[in-house]
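Numbered according to our numbering, the sequence shown spans residues 850 to 1101.
Glycine included, each C-beta is placed from N, C-alpha and C at the ideal position.
Below: one structure, written as structure tokens.
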Amino acid sequence: MSPAAPIGLMSAMHEELVLLLEAMPDEQRVTVAGRDFWLGHWQGRSVVVVLSRIGKVAAATTATALIERFGVQQIVFTGVAGGVGPGVRVGDVVLADSFVQHDMDASPLFPRHEVPLYGRSRFATDPALSRGLALAAQQVLAQVAAHVGGAAVAEFALHSPRLHTGLIASGDRFVSSTSECRALQQALPEALAVEMEGAAVAQVCADYGVPFAALRTVSDRADDDAHADFSRFIRSVASRYSLGMLSAWLAR
Ligand code: ADE
């Protein structure tokens, strides 16, 4: 890959995008498909930063534009997710090794979760890209207070947050009831977290042969309390984790 090839950074949250743009000295806006793509540099690397919007279709359109219009040669997605795996707690980070669409069901024509005509339900992330991001995430998690401040550590009980690596499930639903979360755990026992975009980006990147990786900060447990303090958590914790992790990764 050419060192000058831009890296696509997709963020799921407006608060996160604002912090990333503040870190770029020279960002320029280009609007495509009704979205603002921010071209510039960060840590000396050429980047294109964009808000994915919410849901699989919006994320797929955004990823396609990043590849087709901006020629990015790798994509990294950061945002938040609901923790569904055992021991995946608020404030932890989940690095995806693969994605599945939990709401894909063309049965009985195809097995549940299989993407029709792809012959598979799982889309893997890029191992080399993911290894670099894992190191960056561990660096941030080892010094949480330095990134989010002592008040946020106390407010959200961010004691010894952990990095988990494994399957993330995506679907066009904000999972916010204990019963729905249990059903998801039963259908996909190995899923660590649930969100609304990653599997779509993984499929687009597989179609184009573009390396993809994703880091998600756990904002809730996808249960009856999932909406509580969501915005404050994103502002005070998740967006700062993302800034720290991406900055450490790009600096390597
Ligand atoms: N993103 C963050 N929390 C989520 C949840 N509970 N369901 C879907 N997407 C999410």
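| Can you find a heavy atom of ligand 1 that lies under 7 Å from the Cβ of Ala865? | Note that residue 865 is Glu in the sequence shown, not Ala. Incorrect: Glu865 has no Cβ contact closer than 7 Å to ligand 1.
| Beta-bridge pairing of His1005 - partner residues as DSSP gives them | It is Phe, not His, that sits at residue 1005 in the sequence shown. Phe1005 is not bridged to any residue.
| query | So is the beta-carbon of Val1050 under 7 Å away from any non-hydrogen atom of ligand 1? | reply | Flag unset: Cβ of Val1050 not near ligand 1.
| request: Can you say whether Leu958 is buried or exposed, counting buried as having 16 or more other CB atoms within 10 angstroms of its CB? | output: exposed
| message | Cutting at 6 Å between CB atoms, please list the residues of its own chain near Val939, excluding the five before and the five after it. | response | Val1067
| Straight-line Cα distance separating Ala853 from Gly1015 | Approximately 30 Å, taken between the alpha carbons.
| request: Within its chain, find whatever has a CB closer than 7 Å to the CB of Val1002; leave out the 5 residues flanking it on each side and keep chain order. | output: Sequence-distant partners of Val1002 (beyond 5 residues in either direction) whose C-beta falls short of 7 Å from its own C-beta, in its chain, are Val993, Ala994.
| When every heavy atom of ligand 1 is checked, does at least one fall within less than 7 Å of the C-beta of Met1045? | yes
| task | Taking all protein chains shown into account, decide if Gln877 is buried (16 or more other Cβ within 10 angstroms of its Cβ) or exposed. | result | exposed
| Going by other Cβ atoms of all chains shown within 10 Å of its Cβ, with 16 needed for buried, is Thr880 buried or exposed? | exposed
| Residue interval of the alpha helix (DSSP H) (run including Phe1023) | No alpha helix (DSSP H) contains Phe1023, which DSSP labels as neither H nor E.
| query | Val964 to Ala1000, Cα distance in whole Å? | reply | 44 Å
| request: Along the beta strand (DSSP E) that carries Gly931, what are the first and last residues, could you check? | output: 923-932
| message | Please tell me whether, using a cut-off of 7 Å, the distance from the CB of Gly934 to the nearest non-hydrogen atom of ligand 1 is below it. | response | no
| task | Return the CA-CA distance between Arg902 and Gln1052, expressed in angstroms with no decimal places. | result | 17 Å
| field | Contacting residues, own chain, Cβ-Cβ under 6 Å from Leu858 (five flanking each side not counted) | value | If we look at Leu858 and ignore the five residues flanking it on each side, its Cβ neighbours are Val896, Val898, Val925.
| request: For Ala930, verify whether its CB is less than 7 Å away from any heavy atom of ligand 1. | output: Remark: the shortest separation between the CB of Ala930 and any heavy atom of ligand 1 falls under 7 Å.
| How big is the Cα-Cα spacing for Arg894 and Ile1083? | 26 Å
| Proximity of Ala1049 and Ile1017 at Cβ, strictly below 8 Å | no
| task | Going by DSSP, name the residue or residues bridged to Phe959. | result | Per DSSP, none; premise fails for Phe959.
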